[in-house]
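If you want the working numbering, it's the position in the sequence shown, counting the first as 1, plus 841.
Here is the structure we will look at, set down as structure tokens.
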Amino acid sequence: MANYWLVAQLAKALLSILRLLPTDKALNFADRAGRRVGPLVGRHQVALDNLRQAFPEKSEDEIRAIALDMWGNMARLAAEYIFLDQLFDYDPKATEPGRVEVQGERIFEHIAAEQKPHILFTGHFGNFELLPIAGATFGMKVTALFRPPNNPYIADYILSTRRSTMGDLLASKTGASFTLARILENNGTIGVLVDQKFTRGLRTMFFGRECETSPLLSKLARQYDCDVYPARCIRLPNNRFRLVIENKLELPREDDGSVDLTATAQLVNDVVERWVREDPGQWMWFHKRWVLSKKKRGRGGKQAPAQTPNTSA
């Protein structure tokens, strides 16, 4: 716990120093630092291996360039926490473009006006933290599910920063699925990240490799028959952003009309893969997305199928 405290104090000190700089200089500095430090950490080799398997047609120089872009993106994301109040300047009535542009304004407005449950999903792409702020700008009341960092001191700091600009947030922990279910039951809107490994999740494919995906979105969509919308943030040159919300997905159905859990999880993966292929340097390749859980052994030494964790849906 002492190590966590020391790391948190160092991180907050570095962010405080960045806060003294003009926004663009601070973010550009973070990018340069990330590109230098990232290749020195152990997860860099994980990222390179993932990239090689995802893009076998790319040269080694191209693979390493994408990895450096990723580290620059992640460093920018960390620094942008302290500038969120300055970065988001989108105004639907503005005549001049700002740092943030929105593609799909009518969809945002439609969701905000519709009295029914909705699920918005995204991935760790660009600065995904700007999406809930955009939703609030259009009058949407979104509760965003997030996974807090392992370091509790950093988690508290980030949570306080997020809550000041993003509205309702819900930590991903025991009981969170019950809270999300209640929100949907009351015709609310939730936002979820869908691109992380989920232990003993639904077996799906991502970049042609088997992986495990959380069943939460699929189960909630099936129980509440709610519309599901993809949304993402694209990082643009000169510290600008494009927030994109796409048309609702047509979810795969079983013969009885209910949402097909695994096929829906696969559809969501396909959307995220499309995004990543368009801008591979803006996704977090160091995540061990393709590590599969070991199957449980039943009586007699036989392997039993991996079980999907129970949720409220």
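We treat Cβ as the ideally placed atom computed from N, Cα and C, and that holds for glycine.
Taking DSSP's pairing of strands, which residues face Cys1067 in a bridge? Cys1067 pairs with nothing; no bridge assigned.
Count the other CB atoms, across all protein chains shown, that sit within 10 Å of the CB of Met1125; report buried if there are 16 or more and exposed otherwise. buried
Through-space distance from Thr1040 to Ser1134, alpha-carbon basis: 6 Å
Beta-carbon proximity list for Ala895, same chain, < 7 Å, skipping 5 on both sides: Phe1048
Starting from Phe949 and walking both ways along the beta strand (DSSP E), at which residues does that stretch end? No beta strand (DSSP E) holds Phe949; the alpha helix (DSSP H) holding it covers 946-954.
Where Gly1061 and Gln1107 are concerned, what is the direct C-alpha to C-alpha distance, given to the nearest angstrom? According to the sequence shown, residue 1061 is Leu rather than Gly. The straight-line gap from Cα to Cα measures roughly 15 Å.
Could you have a look at Glu1053 and say whether DSSP puts it in helix, strand or coil? Judged by DSSP in its simplified three-state form, Glu1053 adopts strand.
Can you list, in chain order, the residues of its chain whose CB lies under 7 Å from that of Ala916, leaving out five sequence neighbours each side? So the qualifying residues of the chain are Ala871, Asp872, Ala874, Gly875.
In the DSSP assignment, find the unbroken beta strand (DSSP E) run with Ile923 in it and report its ends. Note, Ile923: premise wrong, no beta strand (DSSP E); not H, not E.
Considering only C-alpha positions, which residue in the set Pro973, Gly1042, Asn968, Asp1120 is nearest to Ile960? Looking from the CA of Ile960, the closest CA among Pro973, Gly1042, Asn968, Asp1120 belongs to Pro973.
Among Leu855, Leu868, Ser857, which residue has its Cα nearest to the Cα of Asn1079? Leu868
Distance between beta carbons of Gln1064 and Gly967, contact taken as under 8 Å: Actually they are not in contact, since the Cβ atoms of Gly967 and Gln1064 sit about 31 Å apart, beyond 8 Å.
In angstroms, rounded to a whole number, what distance separates the CA positions of Phe1082 and Gln944? Distance between the alpha carbons of Phe1082 and Gln944 is about 11 Å.
3 or more residues per run - each beta strand (DSSP E) lying fully within the stretch 1102-1143: none
His965 lies in the beta strand (DSSP E); which residues open and close that run? No beta strand (DSSP E) contains His965, which DSSP labels as neither H nor E.
Could you have a look at Arg860 and say whether DSSP puts it in helix, strand or coil? helix
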